[in-house]
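Working notes, structure below.
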Amino acid sequence: MKSIKTTWCPGCGNFGILRAFINVIEKLNKEGIEKGKIVVSSGIGCHGKISDYLDLPSFHVIHGRVLPFLTGLKLANPELKAVGFVGDGDQYNEGIEHLIHAAKRNVDLALFVHNNGVFGLTTGQMTATTPRGKKTRSTPKGNPEYPINPLLLALSSGATFIARGYAGDMKQLEELMYDAIKHIGFAIVDILQPCVSFNNTWEFYNKNVEKLEKEASDIKEAIDIILSEKIYTGIIYRIRKDTFEESLGILKY
Amino acid sequence: MRKVVRGFYAIAYAVKLSKPNVICAYPITPQTEIVENLAEMYANGELENCEYITAESEFGAASVVLGASATGARTFTATSSQGLLLMTEVLYNAAGMRLPIVLAIANRAVSAPLSIWNDHQDSISVRDAGIIQIYVENNQEAHDMIPFAFKVAENKNVLLPFMVCVDGFKLTHAYEAVDLLNQEDVDNFLPPYNPVVSLRIDKPVAMGCYAPPPTYMEFRVALEYAMERAKKVIEDESKEWYEITGRDWGAHIKAEYCEDAEVAVIAMGSIVGMIRDVVEEMRKEGMKVGLLKIRTYRPFPAEEIRKALTNVNKVIVIERSLSIGSEPPVTLDVKSALFGHSSQEIHSVVLGLGGRDVPRTQIIKIIKEVYEGKVKPGKRYEGLKEFEEVIP
Ligand SMILES: Cc1ncc(C[n+]2csc(CCOP(=O)(O)OP(=O)(O)O)c2C)c(N)n1
Ligand code: SF4
Ligand SMILES: [Mg+2]
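Here the protein sequences line up with chains E and G, keeping their order. The first sequence begins at -3 in my numbering and counts up by one. The second sequence begins at 11 in my numbering and counts up by one.
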């Protein structure tokens, strides 16, 4: 893979995500999936720069709109493998409605969320996943809102592959990304991503993330895992349902 | 109190003095620092009787201030570029509902291609919504125009949203000595907002009702009438502003050296300062050149422009945005103002899109070429590199 100069802060969790994904692409290439078949779309934010750093066809969309963009892409060319890179602000704030509808449709794509709990690029304001009470540039009194639980939302909206990854565990992340791309249907990997400049969670996550031993066998178990006090990483739930493409009769697997 | 402050602070501080009740925004460069300063003031307890929140999107932010305004609250939001485009549906609604929301726009180019730098494409794109738009040339004017905006917007003869357009980075992030207003002066100038109708307990109303063809058109034309009345209100309030602060910004335009000018340059926003500097220098050299600063782009000051240009032979319109497929926006308005009255040469010069630097020498060149009759009238681009389009 070609690489160009990155402008992320040294120590940013995005590097782990980029590296893991590059490894996945190489693996897929070896399996015979050519590069042109994998199309990347990224949102607006620090995370969005990832499409500049990848030697793949890509479309850097406007803020929050990766999912409807990829939905359109899949409708017109279902043979493509669609991969979205989004931020927590991008997806869980500005583009939240699209998460619900893309999951509900079970569009066959993989969505990787760089969840750093902050608007990184605009220098540190609260997002939908910022913990209650946290002081940020937009909430100097402390965040008055409760954070959303993105995986619970995705699950209840109909997503068929639900996983949590950690930018600090590249090996596991690589596997999760690979499985998400291989999954037939809407796959989301919420990736815990430390932002060294505005929300440095390296220490916290190093201490607190725990690998999930076994994925849930049904949706109730999945909910328990997602709602657990513990921060589990790994595939939480997956199920094979007709994809949007299948329902429309535009693709057979 | 004169202080060296950055533009975003000058704006935020003026918002605070205007005593808003609800502030809601979504971060976007280069607007973010305006509301971050307000967030800070809110956290420090400096904003009395005011709630401040960050919305989930600009669409949400505009809708939140819409809801607050419907209850009779004084509301403020700020945005830029994509954020303003995303607010647009709500802003048309706010104007139609006659809600006097005040917005600060940190002017920024729109995507694609992606840019965070300054031009006027964002606010120009919502010119037809029924929102008053004022373009300021420095941070003192930005500061002054905030209480001014509330006063005009909330006037019962007006009741329209008001947008204070401030060049992103060039002004918002620039340090400038600003005479910060004091609370007493602002209180004397700006009375509490007293809405005509609002969602309140004692006088219930239904808002946002459907208007079938027999009634719709009157509401839309009423917007136009309100905008026309706003002209007079802006004039009156500008006079009052001058009396209180001693600062005379003019009302709709500010014409300088135009009475006997051979060439007049029309411009809006921060570039006006540099053009004035060039014009004054050329005057010293004996060249008959003038400057016409447009302040209120909506309502458009057609009559004032006509008058100011009576003796002018050639007009240069500096454009910081495009109306793709037609002539640039300000040019269109200027031409329509002059049509049937006079027949000046009109030079429409597009420059500085997406933050491209406009050096002083470029302004000198533009004026000289026109002055010396070296260029034909019409549209042209300055500072444009030679490029070849690849048409497959
Ligand atoms: C419509 C619109 N609103 C606001 C912005 C400004 N903006 C740029 S990046 C960003 C937030 C990015 O946050 P996130 O998605 O969490 O990405 P991160 O930088 O943290 O990777 C915002 C609000 C924009 N570009 N477009
Ligand atoms: S601001 Fe945060 S998310 Fe953005 S590059 Fe720096 S560390 Fe990474
Ligand atoms: Mg983020």
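For glycine and all other residues, C-beta sits at the position ideal for the given N, C-alpha and C.
Quick check: what's the CA-CA separation for E:E209 versus E:L149?
22 Å
Quick one: give me the first and last residue of the beta strand (DSSP E) that E:G80 is part of.
K77 to G83
Would you tell me roughly how many angstroms separate the C-alpha atoms of G:D258 and G:A318, rounded to the nearest one?
17 Å
Would the beta-carbon of E:T135 be found less than 7 Å away from any heavy atom of ligand 3?
no
Would G:P37 count as contacting chain E if we go by Cβ distances under 8 Å?
yes
Going by beta carbon distance, what residues of the same chain come within less than 6 Å of G:R108, once the five residues before and after it are set aside?
L169
Any chance the stretch 179 to 193 of chain G sits against the stretch 217 to 227 of chain G, with 3 or more Cβ pairs inside 8 Å?
no
Going by the CB atoms, is the gap between G:A159 and G:I44 shorter than 8 Å?
no
Can you look up G:A139 in the DSSP assignment and give me helix, strand or coil?
helix
Using beta carbons (cut-off 8 Å, strictly below), is G:A78 in contact with chain E?
no
Is E:G116 near ligand 2, in the sense that its beta carbon is under 7 Å from a heavy atom of that ligand?
yes
Give me the residue from E:A72, E:L95, E:K33 and E:G41 with the minimum Cα distance to E:L244.
E:A72
Nearest-angstrom Cβ-Cβ length linking G:Q143 and G:T306, presumed shorter than 8 Å:
7 Å
Suppose you measure from the CA of E:A159 to the CA of E:F240; what does that come to, to the nearest Å?
20 Å
For a quick check, are the C-beta atoms of E:G60 and E:G39 less than 8 Å apart?
yes
Counting only C-beta atoms, is E:H56 closer than 8 Å to chain G at any point?
yes
By the DSSP assignment, the alpha helix (DSSP H) with G:V344 in it spans what residues?
P339 to L348
Which residues in chain G have a C-beta closer than 7 Å to the C-beta of E:N89? List them in chain order.
E66 and S67
Please tell me whether, using a cut-off of 7 Å, the distance from the CB of E:W4 to the nearest non-hydrogen atom of ligand 2 is below it.
yes
Buried or exposed: G:P205, going by 16 or more other Cβ atoms within 10 Å of its Cβ?
buried
Using a Cβ-Cβ cutoff of 8 Å, what residues of the stretch 191 to 223 of chain E are near chain G? List them in chain order.
none
How about G:F158: is its Cβ closer than 7 Å to a heavy atom in ligand 2?
no
With a cut-off of 8 Å, do at least 3 Cβ pairs link the stretch 193 to 213 of chain G to the stretch 289 to 304 of chain G?
no
What residues in the stretch 121 to 147 of chain E bring their beta carbon closer than 8 Å to a beta carbon of chain G?
Q121, M122, A124, R133, S134, T135, P136, K137 and P140
In chain E, what lies closer than 7 Å to G:E46 by C-beta?
R133 and S134
CB E:Y174 to CB E:K23, shorter than 8 Å?
yes
Count the other CB atoms, across all protein chains shown, that sit within 10 Å of the CB of G:M292; report buried if there are 16 or more and exposed otherwise.
buried
Round the Cβ separation of G:M284 and G:I304 to the nearest angstrom and send it over; I've been treating them as touching at under 8 Å.
Actually they are not in contact, since the Cβ atoms of G:M284 and G:I304 sit about 16 Å apart, beyond 8 Å.
Relative to the C-alpha of E:A16, which residue among E:L117, E:L50, E:N89 and E:F55 is closest?
E:L50
Let's test the definition: count the other Cβ atoms within 10 Å of the Cβ of E:F200 and tell me whether it reaches 16, buried, or not, exposed.
exposed
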